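The structure under discussion appears below in the form of structure tokens.
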């Protein structure tokens, strides 16, 4: 079931949306081309952060520092069933979106996109938000000084997201 | 914050490299990583263009409005302290819908607008219960199509670049429910008084 959904989702989307467009008399080809030209600018925006983070994590990995961190946290990561390779990603995710993307990318590249660790890293990146950034931007915009219980609730949600991600990955992958 | 993290990642890395005598590997990793970023980005351009093209068609079809309509009853129920026809409700719905479609850039302006409307009801410099609830939803926002990650995976040769989406949607949903439950519990506690 899971396999079918994940194999079909992209072709279905690419079929259904233009199909619905044709019925509604929308210029689907021109619309597509118009949207697609923004693809490059999105990547250009991501690119510098990707270089910064790939280099930083590359240094940590090549020097052996990442192995040390993993060994140090092993008792804890073993307990929750999380591969120690994902520790840096889990730590950065609530702090920086582009940073987390860079680290997830490096993990996927090192361990393979179809490995358990690679898939888990992808899901982990996709399943939590940059909590501190969201709080800072939204409260900052309206001049709220006391954030009350939202900080704890947000961080709690991040922790649950990471734990669930480990749990569901082991279940489905 | 991120400035210190980035610096310390490199500083610790180089330091450990010196101690372990692995400077040759470190040096190679720095150059290789920078080049890897280019290769990944080129792969990503194709997938992002494809997705943004499809989303443009969806946009012309009013897909965000359709999702917004589906979300409305739930949002009204989640925010009993905000009047049903207050503009804050529709701004929050648009923000959440845009987030679900992975349109982060479109979501932020709606989110800020929603906060401004919620502030009209609040009028203090301490967050209202509704604001805290809205931000918990935002920090655990469900993303149905995480286009960037699908693109990265495709660019790194995944057999099925979208196969992680089910797990990430399930995890976020679990986190969202957990966050909202804790939030509801905490908002009544005296130490978090408005």
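Chains as they are written, first to last, in the numbering used here: chain Z, 2 to 174; chain L, 699 to 892. No residue lacks a Cβ here, since even glycine has one placed at the ideal position from N, Cα and C. Computed from a predicted model, the values in this text were never measured in an experiment.
Exposed unless 16 or more other CB atoms sit within 10 angstroms - verdict on residue 861/L: buried
Helix, strand or coil, according to DSSP, for residue 80/Z in the structure here? Per DSSP, reduced to three states, the secondary structure at residue 80/Z is helical.
Would DSSP call residue 826/L helix, strand or coil? coil
Three or more C-beta pairs closer than 8 Å, one from the region 773–792 of chain L and one from the region 815–823 of chain L: is that the case here? yes
To the nearest angstrom, how far is the alpha carbon of residue 134/Z from that of residue 101/Z? 13 Å
Output the distance between the C-alpha atoms of residue 846/L and residue 42/Z, rounded to the nearest integer angstrom. 13 Å
Report the option in 857/L, 830/L, 751/L, 770/L whose CA atom is closest to the CA atom of residue 14/Z. 751/L
Are the Cβ atoms of residue 834/L and residue 874/L separated by less than 9 Å? yes
Nearest neighbour of residue 827/L, chosen from 842/L, 774/L, 881/L [CA to CA]: 881/L
Run through chain Z and tell me which residues come within less than 7 Å of residue 724/L, C-beta to C-beta. 60, 63, 64
Range covered by the alpha helix (DSSP H) that runs through residue 31/Z: Note, residue 31/Z: alpha helix (DSSP H), 29–37.
Residue environment, residue 765/L, which counts as buried when at least 16 other CB atoms sit within 10 Å: buried
Rank 820/L, 850/L, 755/L, 870/L by C-alpha distance to the C-alpha of residue 140/Z and give the top, closest one. 820/L
Spatial distance of residue 891/L from residue 876/L (CA atoms): 21 Å
For residue 838/L, which option in 142/Z, 149/Z, 127/Z has the closest C-alpha, if you only look at C-alpha atoms? 127/Z
Are the region 54–73 of chain Z and the region 710–727 of chain L touching, with three or more C-beta to C-beta distances below 8 Å? Here the region 54–73 of chain Z makes contact with the region 710–727 of chain L; the two share three or more CB pairs at distances below 8 Å.
Is the beta carbon of residue 170/Z sitting closer than 9 Å to the one on residue 117/Z? yes
According to the neighbour-count rule (16 or more other Cβ atoms, all chains shown, within 10 Å of its Cβ), is residue 772/L buried or exposed? exposed
Let me know the alpha helix (DSSP H) ranges lying completely inside the region 796–855 of chain L, each 4 residues or longer, listed in chain order. 802–820, 827–837, 845–853
Taking residue 777/L as the query, report the chain Z residues whose CB atoms sit under 8 Å from its CB, ordered along the chain. Chain Z residues near residue 777/L: none, gap ~15 Å exceeds 8 Å.
With residue 167/Z and residue 83/Z assumed to form a contact (beta carbons below 8 Å), what rounded beta-carbon distance in angstroms separates them? 5 Å
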